[in-house]
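*Asks:* The opening position of the sequence shown corresponds to residue 13 in the numbering used here, with each subsequent residue numbered one higher.
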Amino acid sequence: MELVERDHPGTVRRHLSAEEAAAVRRFCGDGQQVRPEDVRLVEAVLEEMHDGRHVRLWLECDCVRAPGGRPRLTARMREDGPRHFVRMHQYGEHHCALASFRQTPEPEDVEPDDDCARPGQHNPLRPVGDALDYLDDLNEGAARPGGSTGSGGGVGERGRRLPRLGRILHTLLDDAGFARLHVDALNDKSRTWERLEAYAADQALSPQLSLSQILYFKPWTHLNEKMTEVDALVWPKKKARSALLLFVADELRAGAAIKKTSMGECILRPEKGIRAGGRDQRLTQPPYWVLGVVDRDRDGNARVREAFAQHAYSFARPVPLDSRYERVTLKLLFDVMAWVKKHGVDVTLWKPLFDREVRRTDAPSQWCRPDFELTFRSVAAVGVAARLHRIVIETMGADDPDYLERKLRTQEIMKRRGILIEHRVADDAAQKERDDAFFRRVAAKILHLAGVSQTRPV
Ligand SMILES: [Zn+2]
């Protein structure tokens with residue numbers, strides 16, 4: 013195995029030692045037994061490949077001899093996660109242990125998830141690590157009762173299972189940048205779909221297949237037309253032919269997702285129904301993100317098999333949300349961001365779709381998923397490195413008591429991630445007052461942390 017320069021893949025930076033290569037194969041080969049020293053070796057290789065901001069090197073595998081046809085791995089680092097390997101499917105399949113790939117080895121003792129007993133110690137909800145896993149395995153999916161809910165799902169800190177399709181939706185939105193908004197992007201409403209298209213074009217599922225060939229955004233496209241296109245593609249072995257339809261729906265009504273167009277309503281009715289993410293299952297306040305699986309039934313007819321829906325803030329800024337209560341909070345946060353910008357503080361808003369890690373020095377990491385996070389830097393004096401600050405925002409809606417109790421238990425963990433500020437949302441007359449107080453509190457806290465002296469109160 014060798015490390016090659018990403019910008020000049022013909023240039024070999026260095027060869028991995030036999031120990032390093034074996035460690036990578038044990039770490040990322042599904043079913044392999046990891047040795048204690050492997051972790052350190054793998055982390056060091058990943059650090060060489062990804063400097064924390066950019067990918068510098070790719071790892072080329074020598075399990076295929078043909079020049080130019082060698083499979084590659086790249087390194088990825090998400091906002092909060094550790095560096096990890098990602099297969100680059102456009103360069104072909106491995107003939108070594110990496111043919112069955114896993115991002116990280118399974119933890120030794122995965123217990124049934126029980127966030128009641130040990131808050132924050134559950135198996136964290138993570139993105140789908142490999143674009144090829146967006147597709148169902150053959151003989152899976154369609155034949156599985158209830159659709160794609162089997163392996164590969166995950167349990168969030170909410171204690172609510174996120175179906176596999178939901179995890180794919182969250183991964184797409186997270187990777188394409190819908191769950192993150194810098195204050196300067198608040199007025200830029202046009203670029204999001206372009207970003208999604210660019211992201212899809214860059215994701216390979218095989219040397220012949222990119223995500224942009226199966227992911228589409230126009231619900232009025234005829235299903236037959238789409239599936240005829242899919243039928244003509246060179247398809248990865250062991251995977252079922254299907255397409256993914258992603259759009260923001262105007263309405264969810266009686267098991268159907270509706271998109272209003274100048275030609276009238278475009279109605280999509282998934283055969284196995286629509287599941288919804290988030291804790292607010294009263295899906296009466298659009299818009300909604302909808303991700304549908306389009307495939308053929310047993311008789312070969314094109315159909316929308318199933319779909320997953322998630323609250324979106326608005327058509328112009330479709331930040332995915334867990335509830336309509338969060339929409340109230342988010343509107344205020346946008347106002348705060350615009351206001352502190354005038355004082356020279358640039359805030360980035362994050363909607364965590366996956367669990368966030370809280371590292372501890374002498375204990376295992378804990379995991380939590382706050383409703384929102386705000387990050388910004390001190391308005392630093394010249395020559396001083398600006399410190400990064402984080403505020404954690406929780407929306408306390410009129411939720412069920414179980415949920416609120418669970419939330420209380422994770423508060424301590426969230427406080428270790430950042431300064432926690434809560435916003436209570438209820439459908440009553442006092443909301444305006446609570447909103448004003450929340451605005452003032454968040455704005456004042458940001459200015460204070462950023463080191464902006466206030467001449468007058470917020
Ligand atoms: Zn290989």
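Idealized CB from N, CA, C, for every residue including glycine.
Determine, using beta-carbon pairs with one atom in the segment 366-374 and one in the segment 215-225, whether at least three such pairs fall under 8 Å.
*Replies:* The answer is no - the segment 215-225 does not touch the segment 366-374, with fewer than three Cβ pairs under 8 Å.
*Asks:* Express the C-alpha separation of P136 and L365 in angstroms, rounding to a whole number.
*Replies:* Their Cα atoms are separated by approximately 11 Å.
*Asks:* Name all residues in chain order for which at least one heavy atom of ligand 1 lies closer than 5 Å to the residue's CB.
*Replies:* Result (chain order): C73, C75, H106, C108, L110.
*Asks:* Please confirm if I405 has its CB atom under 7 Å from at least one CB of chain B.
*Replies:* This model lacks chain B altogether, as it is built from one protein chain only.
*Asks:* Return the chain-ordered list of same chain residues with a C-beta closer than 8 Å to the C-beta of W232, the five sequence neighbours on each side being excluded.
*Replies:* These residues qualify, in order along the chain: K271, T273, M275, C278.
*Asks:* If you count every other CB in all the chains shown that lies within 10 Å of the CB of T23, and 16 or more means buried, which is it?
*Replies:* Exposed: under 16 other Cβ atoms inside 10 Å.
*Asks:* Nearest to T240 by alpha carbon, out of S254, F229, P248?
*Replies:* That would be S254, whose Cα lies nearest to the Cα of T240.
*Asks:* What is the rounded straight-line gap between the Cα of R281 and the Cα of L256?
*Replies:* Between R281 and L256, the C-alpha separation is close to 14 Å.
*Asks:* Expressed to the nearest angstrom, what Euclidean distance is found between the alpha-carbon atoms of Y211 and H62?
*Replies:* Each residue's alpha carbon lies about 19 Å from the other.
*Asks:* Quick check on the DSSP output: what are the complete beta strand (DSSP E) runs of length 3 or more inside the segment 368-396, in order along the chain?
*Replies:* Taking only runs of at least 3 residues, the beta strand (DSSP E) segments lying wholly in the segment 368-396 are 368-370, 378-380, 384-389.
*Asks:* Mind reading off the beta-carbon distance from I403 to K457? Whole number of angstroms is fine, and I expect it under 8 Å.
*Replies:* I403 to K457, Cβ: 6 Å. Contact.
*Asks:* Taking the beta strand (DSSP E) that A314 belongs to, which residues open and close that run?
*Replies:* Note, A314: beta strand (DSSP E), 314-324.
*Asks:* Under the rule that 16 or more other beta-carbon atoms within 10 Å means buried, what is Q378, buried or exposed?
*Replies:* So Q378 ends up on the buried side.
*Asks:* Counting Cβ pairs closer than 8 Å, one from the segment 445-462 and one from the segment 338-347, do we hit at least three?
*Replies:* Counting Cβ pairs under 8 Å, three or more are found: they touch.
*Asks:* List the whole-angstrom C-beta distance separating Y300 from A321, where the pair is believed to meet the contact cut-off of C-beta under 8 Å.
*Replies:* About 5 Å; that satisfies the 8 Å criterion.
*Asks:* Going by DSSP in three states, G178 sits in which element: helix, strand or coil?
*Replies:* Reduced to three states, the DSSP call for G178 is helix.
*Asks:* Would you call R176 buried or exposed, if buried means 16 or more other Cβ atoms sit within 10 Å of its Cβ?
*Replies:* Looking at its Cβ environment, which holds 16 or more other Cβ atoms inside 10 Å, R176 is buried.
*Asks:* Give a yes or no on contact between the segment 305-317 and the segment 194-201, applying the rule of three or more CB pairs nearer than 8 Å.
*Replies:* Output reads no: the segment 194-201 does not touch the segment 305-317.
*Asks:* Counting C-beta neighbours from all protein chains within 10 Å, is the total for K250 16 or more, i.e. buried, or is it exposed?
*Replies:* When all chains shown are included, K250 counts as exposed.
*Asks:* Determine the direct distance from the alpha carbon of H323 to that of H182, and round the result to whole angstroms.
*Replies:* Approximately 12 Å, taken between the alpha carbons.
*Asks:* Going along the chain, which residues of its own chain have a beta-carbon closer than 7 Å to the beta-carbon of F259, five neighbours each way excluded?
*Replies:* Within the same chain, F259 has close Cβ partners F229, P231, K271, V302.
*Asks:* Let me know the secondary structure DSSP gives K76 once reduced to three states.
*Replies:* Per the sequence shown, residue 76 should be read as Val rather than Lys. Three-state result, V76: coil.
*Asks:* Return the CA-CA distance between V36 and V54, expressed in angstroms with no decimal places.
*Replies:* Using only the alpha carbons, I get a separation of about 6 Å.
*Asks:* Just the Cα atoms here: how many angstroms apart are H66 and P94?
*Replies:* H66 and P94: Cα-Cα distance of roughly 14 Å.
*Asks:* Which residues bound the alpha helix (DSSP H) around Y415?
*Replies:* Element bounds for Y415: 413-429.
*Asks:* Just reading off the beta strand (DSSP E) that M100 is part of, what are its end residues?
*Replies:* First-last of the beta strand (DSSP E) with M100: 96-100.
*Asks:* Tell me, which residues are paired with W301 by DSSP?
*Replies:* According to DSSP, W301 bridges with V260, Q322.
*Asks:* With three or more C-beta pairs closer than 8 Å as the rule, is the segment 421-430 touching the segment 380-400?
*Replies:* These segments touch.
*Asks:* What is the residue span of the alpha helix (DSSP H) that V454 lies within?
*Replies:* Where V454 is concerned, the enclosing alpha helix (DSSP H) stretches over 443-462.
*Asks:* So, under 8 Å CB-CB, V357 and L459 are touching, yes? Tell me the CB distance rounded to an integer number of Å.
*Replies:* Rounded, the Cβ-Cβ distance is 7 Å, consistent with contact.
*Asks:* Can you tell me whether E105 is buried or exposed, with buried defined as 16 or more other CB within 10 angstroms of its CB?
*Replies:* Flag for E105 reads buried.
*Asks:* For T373 versus P131, is the C-beta spacing smaller than 7 Å?
*Replies:* No.
*Asks:* Since R4 contacts Y415 with CB under 8 Å, what's their CB separation in whole angstroms?
*Replies:* Any property of residue 4 remains undetermined from this structure, which presents the chain solely from 13 to 470.
*Asks:* For G22, which three-state DSSP category applies?
*Replies:* Three-state result, G22: coil.
*Asks:* Cutting at 7 Å between CB atoms, please list the residues of its own chain near V11, excluding the five before and the five after it.
*Replies:* Outside the shown range of the chain, which is 13 to 470, sits residue 11, and nothing can be said about it.
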